[in-house]
Amino acid sequence: MSNLIEEINKRRTFAIISHPDAGKTTVTEKLLLYGGAIQLAGAVKGRKADRHATSDWMQMEQERGISVTSSVMQFPYKNVVMNLLDTPGHEDFSEDTYRTLTAVDSALMVIDAAKGVEERTIKLMEVCRLRDTPILSFINKLDREGRDPIDLLDEIEEILKIQCAPMTWPIGMGKRFRGIYHLYNDQVRIFEQVENETAAQGEVIEGLDNPRLDELLGDQAEELREEIELVRGASHAFDLEAFLEGRLTPVFFGSAINNFGLQELLDAFAVYAPPPQCREARERTVCPDEPQLTGFVFKIQANMDPKHRDRIAFMRIVSGQYRKGMTLRHVRIGKDIKIAKALTFLANEREQAETAVAGDIIGLHNHGTIQIGDTFTEGETLKFTGIPNFAPELFRRARLKDPMKMKALHKGLQQLSEEGATQLFRPVMNNDLILGAVGVLQFEVVAQRLKDEYKVACDFEPVSVNTARWVIGPEKEIERFKARVQEHVAYDAADQLVYLAPSRVNLQLMEERWPELQFVATREH
Ligand code: G4P
Numbered sequence: 001m002s003n004l005i006e007e008i009n010k011r012r013t014f015a016i017i018s019h020p021d022a023g024k025t026t027v028t029e030k031l032l033l034y035g036g037a038i039q040l041a042g043a044v045k046g047r048k049a050d051r052h053a054t055s056d057w058m059q060m061e062q063e064r065g066i067s068v069t070s071s072v073m074q075f076p077y078k079n080v081v082m083n084l085l086d087t088p089g090h091e092d093f094s095e096d097t098y099r100t101l102t103a104v105d106s107a108l109m110v111i112d113a114a115k116g117v118e119e120r121t122i123k124l125m126e127v128c129r130l131r132d133t134p135i136l137s138f139i140n141k142l143d144r145e146g147r148d149p150i151d152l153l154d155e156i157e158e159i160l161k162i163q164c165a166p167m168t169w170p171i172g173m174g175k176r177f178r179g180i181y182h183l184y185n186d187q188v189r190i191f192e193q194v195e196n197e198t199a200a201q202g203e204v205i206e207g208l209d210n211p212r213l214d215e216l217l218g219d220q221a222e223e224l225r226e227e228i229e230l231v232r233g234a235s236h237a238f239d240l241e242a243f244l245e246g247r248l249t250p251v252f253f254g255s256a257i258n259n260f261g262l263q264e265l266l267d268a269f270a271v272y273a274p275p276p277q278c279r280e281a282r283e284r285t286v287c288p289d290e291p292q293l294t295g296f297v298f299k300i301q302a303n304m305d306p307k308h309r310d311r312i313a314f315m316r317i318v319s320g321q322y323r324k325g326m327t328l329r330h331v332r333i334g335k336d337i338k339i340a341k342a343l344t345f346l347a348n349e350r351e352q353a354e355t356a357v358a359g360d361i362i363g364l365h366n367h368g369t370i371q372i373g374d375t376f377t378e379g380e381t382l383k384f385t386g387i388p389n390f391a392p393e394l395f396r397r398a399r400l401k402d403p404m405k406m407k408a409l410h411k412g413l414q415q416l417s418e419e420g421a422t423q424l425f426r427p428v429m430n431n432d433l434i435l436g437a438v439g440v441l442q443f444e445v446v447a448q449r450l451k452d453e454y455k456v457a458c459d460f461e462p463v464s465v466n467t468a469r470w471v472i473g474p475e476k477e478i479e480r481f482k483a484r485v486q487e488h489v490a491y492d493a494a495d496q497l498v499y500l501a502p503s504r505v506n507l508q509l510m511e512e513r514w515p516e517l518q519f520v521a522t523r524e525h
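In full-length UniProt numbering, the protein residues as written are 1 to 525.
Next comes the structure, spelled out in C-alpha cells:
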C-alpha cells in the first residue's frame, strides 16, 4: 500500500500548451531525450506518420504532414515518472486538445520569444483556468532576435492574467545570446550551439560575481548584473502556493532546438509540479491514494490499429491501481467488464500494461460502448465531473448525397459526436444536421469516416453560425426564449438546448436581453 502511494506520488501528468510553431514538438523531443527515450528524439513527427501509414483517413493527415491522432508518452526523469499528454496543435487542433487539458495536473506553456502571447495560447489558458491548473512557462528561441524579456513577462501577466516569476534570465538574445542565469541557484550556464540529438551542457559558472563571467562575457557580464538587480526588484518571486493555485507561473528562457534551458525547466518541473490530485465526482471527492481504482475517459481515438476497426478510450486513472485482467464497472451502463488488455504508453510505444497507477493513462479497447466522460470503478457508483464539451467555433451543414442513407448518416454522426470528433446540433425549426468543431480538419475527418465506417457519402457546406452557447435557466424562460428566437436554437446530441449565434454581437445582445438565462461555453457530459 505504502508502495502504491509512493508510485503515485512520483507521477507528473501534464500537457504542453502553445501556439503552432512556438516549438512544442521540439520541446517534446528534447524532454524525451532527457527522459532516456533517446531513440525517439528528433523523430516525434516522423514516427507518428509511419505508424498509421495504412489507414485511409490517416493517409489524409500523412499527406498534410500533420497528425490527427495524439498520444500519451510516459518517461522517467530523475526520481519522477512523466506522463506527457500530447495536445494536437496545427490543423489537427480539436476539442480533444481542450479536453486533454482537463485530464492533467499541470501544464507547460511554450512561448515564442519573437511572437509573445498568441491566440491559441490564450484559448488554451482559458481551459486551464477552468481547473486552476498550475502552469510552468518556457520562452523559446532566444537564439533568434526576439522581444525584450521584460516586455514578454508584462504581456503574459496582462493578457493571460497570471503573475510571472522568472526562474532563469537570458543573457542577450539572437547573435548576442550567451546563456542564462538561474536566479535561485545563482549559476550561469553559457550557451553553446549544438547539433540536434545531443544533450547540451555548456559551461556552468557559480555566482554572478564570478570573474570568470567577465572573462567569457566581457561587457555583457556587467550588463547582466545590472539587469538581474532590476529584474529581482521588479518581478514576482517564485511562490509555490501561488503556483499550485494557478495564480503564478515560473518562467524559464532558452532555445529548445539547441537543447538549452530545458534542463533547468525540467528540474523545477520534477520538484514543483504537483503529483496526481483529488478530483470531484458528483457523489464525492476522490483522492489518488484510495486503494480502489477509479478513472474517467477524456478521449476516444479511432483506428489506432488499422487492422482492427476498434477505438481506444483513453482513461485517466484518478485513484488506485490498474492490474491486468481486473474487472471494472462501466458506471453509465451499469456493467462489469473484464479488462484483459489495456494499453500503456511507455516512451511512446504501445505496450500491454501490467500495472498503472493514479496519474497514469491507460487505453481501453472500445467497440462503441464507451463515451467521453464515462467513469470506471471497481463497483462504486461514481460520476466524475469536469470533462466538458466546449462550444465549437466552426459550423457546417451536412448534405447527404444519397437521400436513402439518412438513417445511416444520423447514426454515424451521433456516434462520431459521442467520440468527441465534432458536435451534432439539430435545429428546432428544420431537419438540418449541423456540425460544430473547434478545428477545421475535423469536418474532413468526419466525412472520411462516414464514408469508411458507415458507407455514407456526404458534404459539408457553410452555414451562418458564428458560435454556440448552451442555454441554462428557469424552464419557463427557456421556453419563451426558444419560441422567440426559434430559427437560431437547436438541440445537441444530449438533447440540451443550444443557441447558435449568427455573430458575436447577436450573442451579446441575447445576453443583455435575457438576463435570467445563462449562455455557457462548456457543457458537462
Ligand atoms: P510546434 O510543434 O509548436 O508547431 O513547433 P516545432 O517544434 O515544430 O517548431 C517550429 C519551428 O521552430 C521549427 O522550424 C523548429 O525547428 C523551430 N524551432 C524550435 N525551437 C527553436 C529554437 O530554439 N530556435 C530556433 N531558431 N528555432 C526553433 P521549421 O523550420 O518550421 O521546422 P523544421 O523543418 O526545423 O522541423
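Even for Gly, the Cβ is constructed at its ideal location relative to N, Cα and C.
Practice problem: Classify residue 7 as helix, strand or coil using the three-state DSSP reduction. | Solution: By 1-based counting over the sequence shown, the position of residue 7 is 7. Residue 7: helix per DSSP, three-state reduction.
Self-check item: Cβ separation of residue 330 and residue 374, assumed to be a contact under 8 angstroms, to the nearest whole Å
Solution: Sequence index remark: in the sequence shown, residue 330 carries index 330 (1-based). Sequence index remark: in the sequence shown, residue 374 carries index 374 (1-based). The C-beta distance from residue 330 to residue 374 rounds to 7 angstroms, short enough to fall under 8 angstroms.
Exercise. Report the three-state DSSP secondary structure of residue 61 (helix, strand or coil).
Key: For the purposes of this step, residue 61 is identified with residue 61 of the sequence shown, where counting begins at 1. For residue 61, the predicted structure reports a pLDDT of 42, less than 50, and the residue's modelled location is therefore unreliable. A value from the coordinates is still provided. In the three-state DSSP reduction, residue 61 falls in the helix class (H, G or I).
Quiz item: At a cut-off of 8 angstroms, is residue 370 close to the ligand G4P when judged by its beta-carbon and the heavy atoms of the ligand?
Solution: The residue you call residue 370 lines up with position 370 of the sequence shown. No, the Cβ of residue 370 stays beyond 8 angstroms of every heavy atom of the ligand G4P.
Quiz item: In three-state terms, what does DSSP make of residue 481?
Solution: Counting from one through the sequence shown, the residue named residue 481 turns up at place 481. Residue 481 falls in the helix class under three-state DSSP.
Quiz item: Is the CB-CB distance between residue 31 and residue 224 below 9 angstroms?
Solution: Looking up residue 31 in the sequence shown gives position 31. Looking up residue 224 in the sequence shown gives position 224. The Cβ atoms of residue 31 and residue 224 do not sit closer than 9 angstroms to each other.
Self-check item: Collapsed DSSP secondary structure at residue 54 in the structure displayed
Solution: Locating residue 54 in the sequence shown gives position 54, counting from the first residue. With a pLDDT of 33 at residue 54, under the threshold of 50, the modelled position of this residue cannot be trusted; read the value that follows with caution. Coil.
Quiz item: How long is the line joining the alpha carbons of residue 236 and residue 246, rounded to whole angstroms?
Solution: Counted from its first residue, the sequence shown places residue 236 at position 236. Counted from its first residue, the sequence shown places residue 246 at position 246. One C-alpha to the other measures close to 14 angstroms.
Exercise. Starting from residue 369, trace the beta strand (DSSP E) both ways and give me its first and last residue.
Key: Counting from one through the sequence shown, the residue named residue 369 turns up at place 369. Here residue 369 belongs to no beta strand (DSSP E), and DSSP marks it neither H nor E.
Exercise. State the Cα-Cα distance for the pair residue 170 and residue 96, rounded to the nearest angstrom.
Key: Indexing the sequence shown from 1 puts residue 170 at position 170. Indexing the sequence shown from 1 puts residue 96 at position 96. Straight across, the Cα-Cα distance linking residue 170 with residue 96 is about 34 angstroms.
Exercise. Could you pull the start and end residues of the beta strand (DSSP E) that residue 296 belongs to?
Key: Along the sequence shown, one-based indexing puts residue 296 at 296. Membership of residue 296 in the beta strand (DSSP E) is indicated by the continuous run 294-302.
Quiz item: Could you give the distance in angstroms between the alpha-carbon of residue 202 and the alpha-carbon of residue 410?
Solution: On the sequence shown, residue 202 is found 202 positions in, with the first residue counted as 1. On the sequence shown, residue 410 is found 410 positions in, with the first residue counted as 1. One C-alpha to the other measures close to 60 angstroms.
Quiz item: Hey, out of 438, 397, 364 and 160, whose CA is closest to residue 94's CA?
Solution: As a first step, residue 94 is located in the sequence shown; it is residue number 94 there, counting from the start. Checked all of 438, 397, 364 and 160; the closest Cα to residue 94 is 438.
Exercise. With residue 396 as the anchor, note down where its beta strand (DSSP E) starts and where it stops.
Key: Translated into positions along the sequence shown, residue 396 becomes position 396. In the DSSP assignment, residue 396 falls within the unbroken beta strand (DSSP E) covering 394-400.
Quiz item: So, helix, strand or coil for residue 109, using DSSP?
Solution: Taking the sequence shown and counting its residues from 1, one reaches residue 109 at position 109. Residue state, collapsed to three classes: strand.
Quiz item: Based on Cα-Cα distance, which residue from 33, 5, 79 and 137 lies nearest to residue 15?
Solution: Position 15 of the sequence shown, counted from the first residue, corresponds to residue 15. Taking only the C-alpha atoms, the option nearest residue 15 is 137.
Self-check item: Proximity test, residue 255 beta-carbon vs the ligand G4P heavy atom, cut-off 8 angstroms
Solution: Working through the sequence shown from its first residue, we reach residue 255 at position 255. Yes, the ligand G4P has a heavy atom inside 8 angstroms of this Cβ.
Practice problem: Using 8 angstroms as the cut-off, classify the Cβ of residue 71 as near or not near the heavy atoms of the ligand G4P, replying yes or no. | Solution: Start at 1 with the first residue of the sequence shown, and residue 71 comes out as number 71. No, the Cβ of residue 71 stays beyond 8 angstroms of every heavy atom of the ligand G4P.
Self-check item: Extent of the continuous alpha helix (DSSP H) to which residue 445 belongs
Solution: As a first step, residue 445 must be located in the sequence shown, where it is residue number 445. Here the alpha helix (DSSP H) through residue 445 covers 441-454.
Quiz item: For residue 523, which residues from the same chain have a beta carbon less than 7 angstroms from its beta carbon, with the 5 sequence-adjacent residues on both sides left out?
Solution: Looking up residue 523 in the sequence shown gives position 523. So the list reads 388, 389, 470 and 496, once near-sequence residues are dropped.
Practice problem: Provide the residue span of the alpha helix (DSSP H) that contains residue 278, from first to last. | Solution: Working through the sequence shown from its first residue, we reach residue 278 at position 278. According to the DSSP assignment, residue 278 belongs to no alpha helix (DSSP H), since it is labelled neither H nor E.
Quiz item: What are the partner residues of residue 206, as DSSP defines its beta bridges?
Solution: Here residue 206 refers to the residue found at position 206 of the sequence shown. Answer by DSSP bridge pairing, in chain order: 187.
Practice problem: Report whether the distance from the Cβ of residue 466 to the nearest heavy atom of the ligand G4P is below 8 angstroms. | Solution: Along the sequence shown, one-based indexing puts residue 466 at 466. Answer for residue 466: no, Cβ out of range of the ligand G4P.
Quiz item: Is the Cβ-Cβ distance between residue 82 and residue 35 less than 9 angstroms?
Solution: Reading the sequence shown from its first residue, position 82 is the one you call residue 82. Reading the sequence shown from its first residue, position 35 is the one you call residue 35. It is a contact, given that the beta carbons lie within the stated cut-off.
Quiz item: What are the residues that DSSP puts in a beta bridge with residue 461?
Solution: As a first step, residue 461 is located in the sequence shown; it is residue number 461 there, counting from the start. Paired residue(s): 397.
Quiz prompt | Delimiting residues of the beta strand (DSSP E) encompassing residue 436 | solution = Looking up residue 436 in the sequence shown gives position 436. For residue 436, the uninterrupted beta strand (DSSP E) segment begins and ends at 434-437.
Self-check item: With 16 other Cβ atoms within 10 Å as the buried cut-off, status of residue 518
Solution: Taking the first residue of the sequence shown as position 1, residue 518 is located at position 518. Exposed, because fewer than 16 other Cβ atoms sit within 10 Å of the Cβ of residue 518.
Quiz item: Which stretch, first to last residue, makes up the alpha helix (DSSP H) that contains residue 417?
Solution: Taking the first residue of the sequence shown as 1, we reach residue 417 at position 417. Taken as a continuous stretch (DSSP letters only), the alpha helix (DSSP H) holding residue 417 covers 406-419.
Exercise. Give the secondary structure of residue 269 by DSSP, where H, G and I count as helix, E and B as strand, and everything else as coil.
Key: Counting from one through the sequence shown, the residue named residue 269 turns up at place 269. Residue state, collapsed to three classes: helix.
Quiz item: Does at least one heavy atom of the ligand G4P sit under 8 angstroms from the Cβ of residue 18?
Solution: Stepping through the sequence shown from its first residue, residue 18 is reached at position 18. Yes, the beta carbon of residue 18 sits closer than 8 angstroms to at least one heavy atom of the ligand G4P.
Quiz item: Distance, Cα to Cα, residue 7 vs residue 316?
Solution: Here residue 7 corresponds to residue number 7 of the sequence shown, with the count starting at 1. Here residue 316 corresponds to residue number 316 of the sequence shown, with the count starting at 1. Between the C-alpha atoms of residue 7 and residue 316 there is a straight-line separation of about 16 angstroms.
Exercise. Indicate the three-state DSSP secondary structure (helix, strand or coil) for residue 147 in the structure shown.
Key: Against the sequence shown, residue 147 aligns to sequence position 147. Residue state, collapsed to three classes: coil.
Quiz item: From residue 111 to residue 101, what does the alpha carbon distance come to, in whole angstroms?
Solution: As a position in the sequence shown, residue 111 is number 111, starting the count at 1. As a position in the sequence shown, residue 101 is number 101, starting the count at 1. Cα to Cα, residue 111 sits roughly 17 angstroms from residue 101.
Practice problem: Could you tell me if the beta carbon of residue 86 falls within a distance shorter than 8 angstroms of some heavy atom in the ligand G4P? | Solution: As a position in the sequence shown, residue 86 is number 86, starting the count at 1. Set against 8 angstroms, the gap from the CB of residue 86 to the closest heavy atom of the ligand G4P is not smaller.
Quiz prompt | First and last residue of the uninterrupted beta strand (DSSP E) at residue 179 | solution = Indexing the sequence shown from 1 puts residue 179 at position 179. Segment 179-182, the beta strand (DSSP E) holding residue 179.
Quiz item: Using DSSP with H/G/I as helix, E/B as strand and the rest coil, what is residue 285?
Solution: Counted from its first residue, the sequence shown places residue 285 at position 285. Assignment of residue 285 by DSSP, reduced to helix, strand and coil, places it in the strand class.
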